[in-house]
Amino acid sequence: MTMDFVAERLGHANFADLQEIDLPHCDLRTIDVGNGEVFRNLRSINLEHNNLTSFGGLIHLVNLKVLCLNYNKIECVFPKRKTTSPNSKKGPPVAHSSDDVTSPQSFTPVLEKLEVLHLGYNGISNLKALQLSRIPNIKGLFLQGNEISKVEGIQGLQELRELVLDQNKIKTLSEMSFIGQRRLQELHMEDNRLRDLSNFQPLLNLQRLYLGMNKIQELSELHKLERMTNLFEISLISNPITRRLMHRPILVYRQPNILCIDGIPVTNDERTKAEVYLMDHQLASVVNTDGAESNLPNLQTKPQAPLKVTTVQLSTSMENGWSIGHKFGQVEYVESLTPQARYNDRNDPRAKLRASNSYPPQNIPSSYDVTRHGRHQPPTSSSIHLAKPQGQLPNGGSYVLRGNSNSNFPQPPKPK
1 MTMDFVAERL GHANFADLQE IDLPHCDLRT IDVGNGEVFR NLRSINLEHN
51 NLTSFGGLIH LVNLKVLCLN YNKIECVFPK RKTTSPNSKK GPPVAHSSDD
101 VTSPQSFTPV LEKLEVLHLG YNGISNLKAL QLSRIPNIKG LFLQGNEISK
151 VEGIQGLQEL RELVLDQNKI KTLSEMSFIG QRRLQELHME DNRLRDLSNF
201 QPLLNLQRLY LGMNKIQELS ELHKLERMTN LFEISLISNP ITRRLMHRPI
251 LVYRQPNILC IDGIPVTNDE RTKAEVYLMD HQLASVVNTD GAESNLPNLQ
301 TKPQAPLKVT TVQLSTSMEN GWSIGHKFGQ VEYVESLTPQ ARYNDRNDPR
351 AKLRASNSYP PQNIPSSYDV TRHGRHQPPT SSSIHLAKPQ GQLPNGGSYV
401 LRGNSNSNFP QPPKPK
């Protein structure tokens with residue numbers, strides 16, 4: 001692209017009044033606009049769908065604010081000059097960086113007024129090699145649709161507000177990936193290969209985070225976002241973590257300022273329900289069957305001790321007018337079978353007395369399922385009758401009496 005080419009395309013050479021240039025699909029390979037003085041008022045330029053490999057002469061457009069270079073072949077911000085190999089006068093050309101502001105060693109800032117840069121679909125694989133830190137005042141950087149696997153080389157972009165890294169090949173983030181990005185407010189990393197949420201901690205002022213179509217599986221990863229207290233919108237659509245829909249109440253509970261999850265606003269009613277739901281530990285669908293550990297982050301259930309079941313004979317009379325007949329009043333005495341309890345039971349004379357006086361479950365009607373309770377099978381009763389026995393019972397434990405409304409106990413005679 002030369003000034004003559006621009007004049008031909010525009011139909012005039014009054015470059016001083018130009019504020020915007022739009023030249024896509026022009027098969028451009030290089031940019032030569034002199035020192036850029038004639039384009040001093042140019043603010044925006046679109047060069048999509050060309051064959052540029054560097055910014056070339058664009059670095060001289062000192063007042064440029066928006067630059068769109070999607071669908072090119074950009075390898076580096078700065079052009080490389082080709083010189084003859086020093087070992088052979090007729091040798092193949094060797095690429096060298098120029099010795100002025102384009103030299104990678106000088107780190108001289110360029111395009112200091114540029115705020116928005118589009119570099120999508122350029123086949124970029126090495127983000128660090130772009131040397132984007134030389135453009136210090138970028139606020140919006142769009143790198144979607146490239147081959148980036150590591151987030152690096154953007155430490156110098158301390159004015160960055162929005163970063164788009166959708167449709168790349170990012171698997172993990174390093175501790176240095178977002179160092180210095182304290183002003184970043186919006187991050188897009190959809191359609192990558194992320195499996196965890198590590199190393200987002202430097203983004204203390206992030207407000208929007210889009211992580212759809214990744215490979216995040218564990219609910220425990222969500223607690224890694226707790227330090228991002230300014231986050232009010234997040235998207236995890238099409239991640240394995242969203243299949244059970246448990247990510248939503250956890251985010252509502254852990255992120256007090258969250259307003260939108262997966263594109264759906266968070267209501268006050270949902271926030272209240274999430275708080276009650278998690279604080280009461282009503283999470284049976286995601287708790288392991290052994291009760292040892294919950295699948296939710298930082299939520300655990302206490303392990304249950306083994307149980308010992310014995311029987312105790314009760315008086316034939318019950319409170320509240322309940323009577324179940326002679327020889328049929330039995331409850332289950334449930335005691336935690338800890339090692340200390342076993343030792344005390346073997347050496348306590350009262351334990352032997354309880355064993356000798358325990359009433360065997362003979363002639364108990366079939367509607368009272370005592371033996372099946374010991375095997376942890378569900379009772380067949382349609383209701384549960386609790387009776388408080390009269391007199392003394394062994395200390396500790398609990399007393400449970402089960403039955404249904406269709407018992408075949410003999411009914412007590414009606415009072416005359």
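Residue 186 in UniProt numbering is what sits at position 186 of the sequence shown, and the numbering runs on without skipping anything. For glycine and all other residues, C-beta sits at the position ideal for the given N, C-alpha and C.
Could you check what DSSP says for Ser177 in three-state terms: helix, strand or coil?
Ser177 falls in the coil class under three-state DSSP.
The beta strand (DSSP E) with Asp22 in it runs from where to where?
From DSSP, the beta strand (DSSP E) with Asp22 extends over 20-22.
So Ile124 and Ile74 are supposed to be a Cβ contact under 8 Å. How far apart are they, rounded?
Their Cβ separation, rounded to whole angstroms, is 7 Å, which keeps Ile124 and Ile74 in contact under 8 Å.
Where do the ends of the beta strand (DSSP E) carrying Leu141 lie?
Leu141 -> beta strand (DSSP E) spans 140-142.
Might you give, ordered along the chain, the residues of its own chain that have their beta carbon closer than 6 Å to the beta carbon of Ala13, omitting 5 neighbours on each side?
If we look at Ala13 and ignore the five residues flanking it on each side, its Cβ neighbours are Ala7.
For Glu162, collect the residues of the same chain with a Cβ closer than 6 Å to its Cβ; drop the 5 residues on either side in sequence, then sort them by chain order.
Around Glu162: Gly140, Glu186.
I'd like the list of long-range same chain contacts for residue 428, defined as Cβ closer than 8 Å, with 5 residues on each side in sequence excluded.
Outside the displayed span of the chain (1 to 416) sits residue 428, for which this structure offers no information.
Hey, could you find the ends of the alpha helix (DSSP H) residue 424 is sitting in?
Residue 424 is absent from the model: the chain starts at 1 and stops at 416.
Between which residues of its own chain and Ile170 is the CB-CB distance below 7 Å, once the five residues before and five after are set aside?
So the list reads Ile148, Ser149, Val151, Met189, Asn192, Arg193, Leu194, once near-sequence residues are dropped.
Let me know if Glu221 comes out buried or exposed under the rule of 16 or more other beta-carbons within 10 Å of its beta-carbon.
Glu221 is buried by the Cβ-count criterion.
Let me make sure I understand the geometry here. Which of Gln19, Leu28, Asn72 has the alpha-carbon closest to that of Val62?
It is Gln19 whose Cα lies nearest to the Cα of Val62.
Mind reading off the beta-carbon distance from Gly263 to Ser238? Whole number of angstroms is fine, and I expect it under 8 Å.
Between Ser238 and Gly263 the Cβ distance is about 12 Å, and since that is not below 8 Å, they are no contact.
Looking only at DSSP bridge pairs, what is Asn46 linked to?
Answer is Asp22, Cys68, bridged to Asn46.
Closest Cβ-Cβ distance between Lys65 and chain C: below 8 Å?
Looking for chain C here will not work: only one protein chain is present.
Give the DSSP bridge partners of Val33, in chain order.
Bridge partners of Val33: none, in fact.
Here's the rule: buried if 16 or more other CB atoms are within 10 angstroms of the residue's CB, otherwise exposed. What is Pro109?
Pro109 is exposed by the Cβ-count criterion.
In terms of residue numbering, what span does the beta strand (DSSP E) encompassing Glu162 cover?
Start and end: 162-164.
Please report the straight-line C-alpha distance between Arg134 and Asp280, rounded to a whole angstrom.
Computed Cα separation, rounded: 53 Å.
Since His223 is in the alpha helix (DSSP H), which residue starts that stretch and which ends it?
Note, His223: premise wrong, no alpha helix (DSSP H); not H, not E.
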